[in-house]
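For what it's worth, the working numbering labels the leading residue of the sequence shown as 113, then goes sequentially.
Before any comments, here is the structure.
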Amino acid sequence: MKVTFYGIGYVGLVQATVLADAGHDVCCVDINETRIENLKKGIIPIYEPGLTPLVEKNFAEGRLTFTTDAEFGVNFGDLQFIAVGTPPDEDGSADLQYVLKVAETIATHMTSAKVIIDKSTVPVGTADKVRAKAQQVLDSRGSDLTFAVVSNPEFLKEGAAVNDCKRPDRIVIGTDSADAEELMRELYAPFNRNHEKIIVMDIKSAELTKYAANCMLATKISFMNEMANIAERVGADIEHVRQGIGSDSRIGFQFIYPGCGYGGSCFPKDVQALVRTADGIGYESQILKAVEAVNYAQKNKLFEYISKHFGVGIDGKDLSGKTFALWGLSFKPNTDDMREAPSRVLMEQLWAAGAKVQAYDPEAMEETQRIYGSRPDLSLMGTKESALNGADALIICTEWQNFKAPDFSLIKQQLSEAVIFDGRNLFEPTRMKKKGFVYWSIGRLA
Ligand code: UGA
C-alpha cells in the first residue's frame with residue numbers, strides 16, 4: 113500500500129520504517145530540511161535501538177523515501193498519517209496547530225480520495241477538528257473530493273519502539289467509515305497474524321483510549337511512589353511490598369517500580385492534557401491531579417535525601433564545595449531523551465545549592481550538553497568510573513543496565529564518603545550496608 117507520514121519524529125519515523133519493512137511504500141514528509149537530508153544519509157535524529165539499520169535497509173531498497181515536498185507526499189499515499197508534535201500550551205493542553213496545518217496541506221493538494229489518520233497523541237475531539245479543517249479547505253477549492261478521518265493512536269515505548277511497533281499488543285482503530293476500516297486492516301495485516309490485535313471503535317473512544325492508557329500507567333507509578341513514601345515512614349521496604357502486590361495477577365509487576373519520578377515526552381504531557389480536557393468540560397479529575405502532584409514531589413526526593421544527609425539548611429549550610437557523581441541523565445534507559453527527566457530537576461537543585469555535578473550517561477551526554485551548554489558546575493565524563501573521581505557521593509537517576517553491577521570497591525575508593533543516593537532501587541540495602549555504604553534508596557530505610 114502507499115502511505116505518507118507527516119512529522120518524522122519519534123513516532124513517525126519508527127512507525128513509517130516498520131510499515132516499510134513489512135513491504136509498504138512509505139513516504140516521509142517533514143518541514144525540517146536538515147533532518148530529511150540527514151535521514152537520506154542514514155543519520156537518524158534519535159537514539160533508538162535497532163532503528164538505524166532498519167531505516168538504512170528500507171531506504172536503500174526504495175520502500176522508504178524522505179522529502180520536504182508536502183505536495184508530493186499528499187499525492188503519494190492513499191493513507192495519510194499525521195504524526196507531528198503536539199507540544200503542551202502554556203496551560204498544559206495540547207497545541208494542535210501543527211496537526212491542523214497538516215490537515216490543511218492534505219486538503220490543499222489532494223487530487224483523489226484520502227484517509228487521514230491521526231497518529232499523534234491528540235485530545236478527544238481532534239479528529240472532528242481535522243475533518244472540519246480539511247472540509248473547509250476542500251470547500252474553498254470548490255472540490256467534491258472525499259476523505260475519511262481515522263484515529264490510530266500509538267503505544268510504542270522509547271527504547272523498545274521498534275519491537276513495540278513490530279509486535280504490538282493491540283492496534284486501535286477509531287473510525288466511522290467501513291472503507292477506511294478495511295484499508296487500515298489491510299495496512300496492519302502483517303502485524304496481525306498470530307491473533308487478532310485490531311480493535312475497532314468509534315473515533316472519540318480511540319482518542320480517549322490513548323490518554324487512558326498513559327494516564328493509567330502514570331497512576332500506577334505515582335501510586336507506588338506514594339506507597340514508597342508511606343513505607344519509609346512506617347519502616348517497611350517498598351521493594352518487598354512491590355513483589356508482594358505484583359504477584360497478584362490482577363495487579364501485575366509492570367509499571368509498579370517506585371523511583372525518582374516519571375519523565376519523558378508522554379506521561380507528564382498526557383496526564384496534564386487530560387486534566388485540561390476534563391477541566392474544559394466542567395469535570396475535575398481528582399485522581400489525575402494527584403498523580404501529577406505526587407510525581408512533581410517525587411522528583412525532589414533525591415535532593416531531599418541529599419539535603420538530609422549533608423545537613424543542608426542547618427545553620428545556613430548548603431552544598432558549596434561538594435561534588436556529586438551522577439549516573440544516568442536520560443528519563444529512562446535505552447534512550448537519549450532528557451525531556452522531563454528527573455535528573456534535570458535534581459541537577460538544577462544541586463547547582464542552586466552550590467554543588468558541582470560530574471555526570472555520565474551512556475547515550476544522553478550530547479543532549480545534556482545541548483540543554484545546559486558549558487557551565488563550570490557541570491562536567492560530562494566519558495565513563496561511569498571517571499564520574500566518581502574526587503566526588504563526595506554517587507547519585508543514580510536512571511537504571512541503565514551497566515549500572516546494576518558496578519565495582520563497589522572502586523566506588524568506595526573514589527568517593528570522599530561512601531554514600532550512594534539511588535533513585536531506582538538497584539541494590540539490596542542490607543548488602544550495601546555490609547559493604548560499608550550509606551545507601552539512600554526510594555521507600556526503604558537508609
Ligand atoms: C509511554 C508508554 O509506556 C507507551 O506505551 C506510550 O506509547 C508512550 O508513553 C507514548 O505515549 O508515546 P515512554 O514515555 O517511552 O512510553 O516511557 P515508559 O517506559 O512508559 O516510561 C515512562 C517513565 O515512567 C520513565 O521515566 C520511567 O522511568 C518511569 N517508570 C516506568 C517508573 O518510574 N516506574 C515504572 O514502574 C515504570
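Cβ coordinates follow ideal geometry from the N, Cα and C atoms, glycine included.
Bear in mind that the values here come from a model prediction, so they are computed numbers and not experimental data.
Within the same chain, Cβ atoms closer than 6 Å to the Cβ of Glu266 are found at Val123, Lys231, the five residues on either side in sequence being excluded. Distance from the CA of Glu270 to the CA of Tyr374, rounded to the nearest whole angstrom, comes to 13 Å.
In the three-state reduction of the DSSP assignment, Lys114 falls in the strand class, which pools E and B. About 5 Å separates the beta carbon of Ala499 from that of Gln470, a gap short enough to meet the 8 Å contact definition. Judged by their CB atoms, Ile315 and Ser263 are nearer to each other than the 9 Å cut-off. Exposure of Met328 is indicated by the presence of fewer than 16 other C-beta atoms within 10 angstroms of its C-beta.
Inclusion of Val123 in the 8 Å shell around the ligand UGA follows from its C-beta lying nearer than that to a non-hydrogen atom of the ligand. Taken through DSSP and simplified to helix, strand or coil, Phe193 comes out as strand. Taking every protein chain shown into account, the CB of Arg354 has 16 or more other CB atoms within 10 angstroms, so this residue is buried. Within 8 Å of the C-beta of Glu293 there is not a single heavy atom belonging to the ligand UGA. In the assembly as shown, Phe365 is an exposed residue. Its beta-carbon has fewer than 16 other beta-carbons within 10 Å. By the criterion of a C-beta distance shorter than 6 Å, Glu404 is surrounded in its chain by Val383, once the five residues flanking it on both sides are discounted. As DSSP reads the structure, Ala225 sits in no beta bridge. In this structure, Asp449 sits near Ile158, with a CB-CB distance shorter than 9 Å. Closest in C-alpha terms to Pro200, from the list Ala385, Arg556, Ala343, comes Ala385. In the structure shown, Lys241 falls within a helical segment according to DSSP collapsed to helix, strand and coil. Each of Arg282, Pro370, Cys378 was checked against the Cα of Tyr323, and the nearest Cα belongs to Cys378. Of the other Cβ atoms in all chains shown, fewer than 16 fall within 10 Å of the Cβ of Tyr395; this residue is therefore exposed. Tyr369 has its Cβ nearer than 8 Å to a heavy atom of the ligand UGA. Taking a 10 Å sphere around the C-beta of Pro474, we find 16 or more other C-beta atoms and assign the residue as buried. Under the rule that a run must span 4 or more residues, the alpha helix (DSSP H) segments found entirely inside the region 322-391 read 350-358.
Gly286 carries a strand assignment under DSSP once its states are collapsed to helix, strand and coil.
Distances from the CB of Tyr159 to the heavy atoms of the ligand UGA are all 8 Å or more.
Residue state for Tyr551 is assigned as strand, using DSSP reduced to three classes. Closest by C-alpha distance to Asp276, out of Pro161, Thr223, Thr198, is Pro161. At the C-beta level, Pro454 and Gln513 stay beyond 9 Å of one another.
Across the structure, Gly286 and Arg279 are spaced so that their CA atoms are roughly 20 Å apart. Look at Val236 here: in three-state DSSP terms it is coil, with no helix or strand label. Per DSSP, reduced to three states, the secondary structure at Met450 is coil, with no helix or strand assignment.
Under the DSSP assignment, Thr480 falls in the alpha helix (DSSP H) whose first and last residues are 477-484. By the Cβ-count criterion, Ile426 is exposed, with fewer than 16 other Cβ atoms from all chains shown falling within 10 Å of its own Cβ. The beta carbon of Glu319 is closer than 6 Å to those of Val236, Ser263 in its chain, skipping five residues each way along the sequence.
Checking the 8 Å criterion, the Cβ of Phe267 is within range of a heavy atom belonging to the ligand UGA.
Residue pairing by DSSP places Thr542 opposite no residue, since no beta bridge is assigned to it. Around the beta carbon of Thr542, a 10 Å sphere encloses fewer than 16 other beta carbons of the protein chains shown; the residue is thus reported as exposed. Collapsing the DSSP output to three states places Asp534 in a strand.
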